[in-house]
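Report on the structure given below.
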Amino acid sequence: MKKLYGVIGHPIAHSMSPVMHNDAFTALELPGYYHAFNIKPEDLEAAIKGMKAIGIAGFNVTIPHKSTIIPLLDEIAPLAEAIGAVNTVILKDGKWIGFNTDGHGFMSALKQDWKSDLQKEKVLLVGAGGAAKAIYYTLASEGVLSIDICNRTLERGEHLAAGCPFPAETNALSLLEAESSLDQYTLIIQTTSIGMSPKVKDTPLSLNKMKPGTFVSDIIYNPFKTTFLQQAQEKGALIQNGLGMFVYQGALAFEKWTGLTPDTERMRKIVIKQLGGYDVNR
Ligand code: ATR
């Protein structure tokens, strides 16, 4: 009998996870099936109990449940606890254990597209929401020290920096301050929703002062190349969209459930096919 996995979210119809994971099960000849479950916030508690009762072997968690699921699980891994958000749940000895693979997914994609030794980079995070927090805390937990944060609402960036439980040298900046000191950064990570459809022309900040050769990553992958990435490329940056982060956060979850490493190139291709586009990173 196939083991059942899935993703819970609301809405969930457009999730790329089912096609990506089901293809990985097929490729590895594993008896698994992955389904998207549309769970309303008011049904979350009942859903988590029900998933254990019907024997679901593991699942992903997406918006709006990443934080609210925490008190409903049996254990939380330390990094997920620090971030305050879970995107992957495994079942171990009858217990639901929550992890956050978003930040490590981002790092794996960065290592593949750029470099593996990030400790000496000067990083600028754009945004201070949930995605920024996962990336910030994960980078800091892996020894990346110099990570500044710029955000529309300065206090939110300050709050994020003050709460980081890992060693980091962080200045919280306004968007204007970041724009005027952009030449000091070697890695810029765009974590906001600015540039997503339908407002595809919007960008979070001007790149006038950016140095050519800077690596610019945008966690958005739909559109494949945001206006921000286009502008960065025109100014001589190396660019990366969010597809790699999405693929690797999924691959890390798959590994936790099955003990096997899926083919991430194959995963990338199947998501691109599903989105009907081309790959800006290759
Ligand atoms: P997520 O969990 O997906 O990161 P979030 O917590 O809502 O989403 O955070 C969204 C981020 O995008 C925040 O940094 C937000 O800035 P504020 O803290 O000032 O709200 C940023 N953001 C969203 N829309 C924006 C806009 N139009 N201009 C500037 N920043 C924006």
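Residue 1 is where the sequence shown starts when you use full-length UniProt numbering, and the numbers rise one by one after that. Positions of the beta carbon are idealized from the N, C-alpha and C atoms, including for glycine. As the structure is a prediction and not an experimental result, all values here were calculated from the model.
For the set 12, 30 and 211, the Cα lying nearest the Cα of residue 41 is the one of 12. Taken through DSSP and simplified to helix, strand or coil, residue 119 comes out as coil. Relative to the ligand ATR, even the nearest heavy atom lies 7 Å or more away from the CB of residue 181. Approximately 6 Å separates the beta-carbon atoms of residue 10 and residue 64; this is inside 8 Å, confirming the contact.
Following the DSSP letters along the chain, one finds residue 58 inside the beta strand (DSSP E) bounded by residues 58-61. Counting along the chain, the unbroken beta strand (DSSP E) around residue 190 starts and ends at 187-190. Where residue 97 is concerned, the enclosing beta strand (DSSP E) starts and stops at 95-99. DSSP, read as helix, strand or coil, puts residue 52 in helix.
Pairwise C-beta distances place the segment 27-40 out of contact with the segment 83-94, as fewer than three of them are shorter than 8 Å. Under DSSP, residue 240 takes part in a beta bridge, and its partners are 217. Residue 215 holds the alpha-carbon nearest to the alpha-carbon of residue 118 among 30, 52, 215 and 155. What you get when you keep residues with a C-beta closer than 5 Å to any heavy atom of the ligand ATR is 127, 128, 129, 130, 131, 151, 152, 153, 156 and 192. DSSP, reduced to helix, strand and coil, places residue 157 within a helical segment of the structure shown.
In terms of Cβ geometry, residue 250 and residue 112 do not form a close pair [threshold 8 Å].
Its Cα nearest to that of residue 269, the residue 247 stands out among 247, 259 and 164. The C-alpha of residue 128 lies about 22 Å from the C-alpha of residue 225. In the structure shown, residue 35 adopts extended strand secondary structure according to DSSP, grouped into three states.
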